[in-house]
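In our numbering, the protein residues as written are 1029 to 1314.
Quick look at the structure:
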């Protein structure tokens, strides 16, 4: 029996029922994610290396610009004495690339899979979640390269890596980011189904969003109202928290991170609720 012939026609109304339905179709989610990965790297000479190259190339560009072209001292952007800017930037670009790629793919996921959406029943949340799962594979590869680069700098004496119990906070920070991503993915995928402009608009928004997030600079490099706005951005404490856990041996749990966690959970709740309420109209919009 194939997965498609086993699909059930009913749609659970309660949130617990929807979660149970998602669990039943977890194999389908994995198949869709694997399909996306194969399509992404099909006929590619470098293959999975493209999971690492975008953040590494961006790291090189920012390191070159701040270290050579501009008058800005990159050491002042890290907020930590002795921390190589290349490592600082890569530690921000790796999670940001995951965030941006996952949401970009999730935004168009319902439209791309419209044939399945209109003809066969299974939880429609599967599509944006499969997009996140597919991007997570690239993230894990890039995270391994980041760890290897940090270890290399440590062994060569360029940076003293601080490994401590703060690494235990890493799953918590990643969970907060994942909640935020899932909530946004559900909202964006649903909105793009009703208004196809959303996908085009989001590609521009995500580029601007990076520069109001502390991806390639430290929050201490900003001041005044700019600092206040950047601090309200949930991704700023999340990116900073990942750096603190991985590089600084410092616990990330403070007031800004608590606010980011609250916003992430609220976004997840809103996205999950509205997606379930509007799902009945998905077929007519396609």
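Glycine residues also receive a C-beta, built at the ideal position from the N, C-alpha and C atoms.
Close Cβ partners of residue i (< 6 Å) along its chain, the five nearest in sequence each way excluded
i, result
"residue 1192", "1277"
"residue 1054", "none"
"residue 1045", "none"
"residue 1137", "1155, 1156, 1159, 1217"
"residue 1205", "1266"
"residue 1283", "none"
"residue 1301", "none"
"residue 1305", "none"
"residue 1307", "1152"
Supposed close pair residue i, residue j - CB separation, criterion 8 Å
i, j, result
"residue 1231", "residue 1125", "Contact doesn't hold; Cβ gap of about 14 Å is too wide."
"residue 1226", "residue 1146", "Not quite, the Cβ-Cβ distance comes to about 19 Å (not below 8 Å), so this is no contact."
"residue 1262", "residue 1208", "6 Å"
"residue 1211", "residue 1110", "That belief does not hold up - the Cβ atoms of residue 1211 and residue 1110 are roughly 37 Å apart, past 8 Å."
"residue 1091", "residue 1114", "5 Å"
"residue 1112", "residue 1187", "6 Å"
"residue 1213", "residue 1130", "7 Å"
"residue 1065", "residue 1201", "Contact flag wrong, Cβ pair sits at about 25 Å."
Cβ neighbours of residue i in the same chain (closer than 7 Å, five flanking residues each side left out)
i, result
"residue 1174", "1118, 1119, 1122"
"residue 1080", "1169, 1170, 1173"
"residue 1233", "none"
"residue 1285", "1265, 1269"
"residue 1061", "1158, 1161, 1162"
"residue 1086", "1121"
"residue 1099", "Residue placement at residue 1099 cannot be trusted, given a pLDDT of 47 that sits under 50; what the coordinates show is reported in the next sentence. Cβ neighbours of residue 1099 beyond the five flanking positions: none."
Extent of the continuous alpha helix (DSSP H) run through residue i
i, result
"residue 1121", "1113-1135"
"residue 1220", "1198-1222"
"residue 1062", "1054-1069"
"residue 1163", "1154-1183"
"residue 1284", "1283-1306"
"residue 1309", "Per DSSP, residue 1309 belongs to no alpha helix (DSSP H) and is neither H nor E."
"residue 1089", "1081-1092"
"residue 1229", "1225-1239"
"residue 1265", "1263-1271"
"residue 1278", "Segment: none, residue 1278 is in no alpha helix (DSSP H) and carries neither H nor E."
"residue 1144", "1142-1147"
"residue 1260", "1252-1260"
Beta-carbon proximity list for residue i, same chain, < 8 Å, skipping 5 on both sides
i, result
"residue 1274", "1119, 1174, 1175, 1178, 1195, 1198"
"residue 1291", "1208, 1262"
"residue 1297", "1211"
"residue 1287", "1260, 1262, 1265"
"residue 1258", "1240, 1241, 1242, 1247, 1250, 1264"
"residue 1182", "1188, 1189"
"residue 1256", "none"
Exercise for the section: Check whether the stretch 1164-1179 touches the stretch 1246-1266, counting contact only when three or more Cβ pairs, one atom from each stretch, lie closer than 8 Å. Expected result: no
query: At a cut of 8 Å, does the stretch 1265-1272 reach the stretch 1225-1244 through at least three beta carbon pairs?
result: yes
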